[in-house]
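Written below as structure tokens is the structure these notes are about.
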Amino acid sequence: MPPVYRRLPMLAAAGLLATACFGKFALGVTQTIEPTPLLPGANVKQELNIEADGLLGTAVKQALTDASTKAQAQAQSGTQWQIRDSSEGSAVHLRMFRTVSLAEAQTAVAQSSTGGFDVGTMSVRADDWGVARHYTMRIVVTPSAPSAPAGTPTGTDATSQQLAKAILAGITYDYYVSLPGVITATNGVPGDQSRLVWHLDLTSGSERVLTAESIYPDVPRLVVLVLAIVLFAGAVIIRSRGRRPTTPEPPIFTTPSQP
46 MPPVYRRLPM LAAAGLLATA CFGKFALGVT QTIEPTPLLP GANVKQELNI EADGLLGTAV
106 KQALTDASTK AQAQAQSGTQ WQIRDSSEGS AVHLRMFRTV SLAEAQTAVA QSSTGGFDVG
166 TMSVRADDWG VARHYTMRIV VTPSAPSAPA GTPTGTDATS QQLAKAILAG ITYDYYVSLP
226 GVITATNGVP GDQSRLVWHL DLTSGSERVL TAESIYPDVP RLVVLVLAIV LFAGAVIIRS
286 RGRRPTTPEP PIFTTPSQP
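All residue numbers for the sequence shown refer to the numbering used here, where the first residue is 46 and numbers rise by one.
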């Protein structure tokens with residue numbers, strides 16, 4: 046039997062062992078653009094959902110704890126992340142979220158504030174057409190694995206490389222974007238809750254560019270515009286009637302004059 050085939054059972058066993066020891070890790074990043082009613086501008090809801098277990102879960106939780114402690118000690122600028130921890134035992138369930146302005150959302154998020162995760166750099170062009178708005182979004186993200194837990198193999202032999210790939214295989218990174226209105230162009234895939242989704246590959250090590258465009262019919266502005274037209278037309282009609290001269294009507298009954 047050729048040597049390469051003799052290694053296959055060992056590599057397969059190494060992959061199963063890595064998954065069992067290091068656990069699994071799932072990261073979901075969501076960016077939701079919400080237009081400001083009536084007024085120009087928009088807010089962006091940013092959210093990170095993390096589910097992990099095993100050694101990866103321990104490493105992720107420690108990284109986020111360190112990031113939170115560092116942010117409080119250094120008083121980092123910008124809107125701080127809120128963290129909700131619903132972990133149970135070795136299963137880690139974390140949710141980080143914040144709401145920022147469209148301008149702040151386009152500022153690169155320091156990985157130190159998210160526990161070492163790259164949530165991408167967003168660029169949004171918003172064209173205000175009065176009764177509609179046009180959004181062009183571009184996000185550049187470099188998927189990266191979480192901090193390596195203790196015991197991660199670092200060798201260059203085939204077995205160590207297979208172990209490293211098995212660890213990465215247990216990690217999923219999904220990116221979600223929600224744009225207002227009707228999507229007109231994107232390189233993403235339609236997902237649930239009217240969101241676009243990109244499934245990022247951690248093994249590639251190269252950056253991904255996520256793009257999407259949408260047209261948002263500004264219904265509140267349309268309602269206000271229609272009401273303004275109706276009120277203006279009503280005021281013109283009432284005013285024109287008020288200015289119309291009135292002619293006295295002749296009496297219905299006349300009294301005959303006395304001789």
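Where is the CB? At the ideal position from N, CA and C, for every residue including glycine.
query	result
Sequence ranges, beta strand (DSSP E) only - wholly within the segment 252-283, length at least 3	253-262
Methionine 167 beta carbon less than 8 Å from that of glutamine 76	yes
Distance between isoleucine 260 and tyrosine 180 (C-alpha atoms, nearest Å)	6 Å
Proximity to leucine 147 [Cα-Cα], best of Leu245, Met182 and Asn88	Asn88
Nearest to valine 176 (by Cα), restricted to the options Pro262, Ile283 and Leu245	Pro262
Start-to-end residues for the beta strand (DSSP E) that takes in glutamate 79	70-80
Per-residue DSSP class, three states only, for arginine 170	strand
Other residues of its chain near arginine 170: CB distance less than 6 Å, five sequence neighbours each side excluded	Thr181
Where the beta strand (DSSP E) containing leucine 241 begins and where it ends	241-245
Inter-residue spacing [alpha-carbon to alpha-carbon] between glutamate 258 and aspartate 219	19 Å
As assigned by DSSP and simplified to three states, the class of serine 285	helix
Residues near proline 47 by beta carbon distance below 8 Å, same chain, minus five either side	Since pLDDT at proline 47 reaches only 44, below the 50 mark, its modelled position is unreliable, and no value is offered.
Cβ-based burial, leucine 72 [other Cβ within 10 Å; buried from 16]	buried
Member of Leu241, Leu83, Asp130 and Glu252 whose CA lies at the smallest distance from the CA of valine 268	Leu83
Through-space distance from isoleucine 282 to serine 223, alpha-carbon basis	45 Å
Outcome for alanine 153 when other beta-carbon atoms lying within 10 angstroms are tallied against a minimum of 16	exposed
Residue environment, valine 275, which counts as buried when at least 16 other CB atoms sit within 10 Å	exposed
Spatial distance of glutamate 149 from arginine 286 (CA atoms)	54 Å
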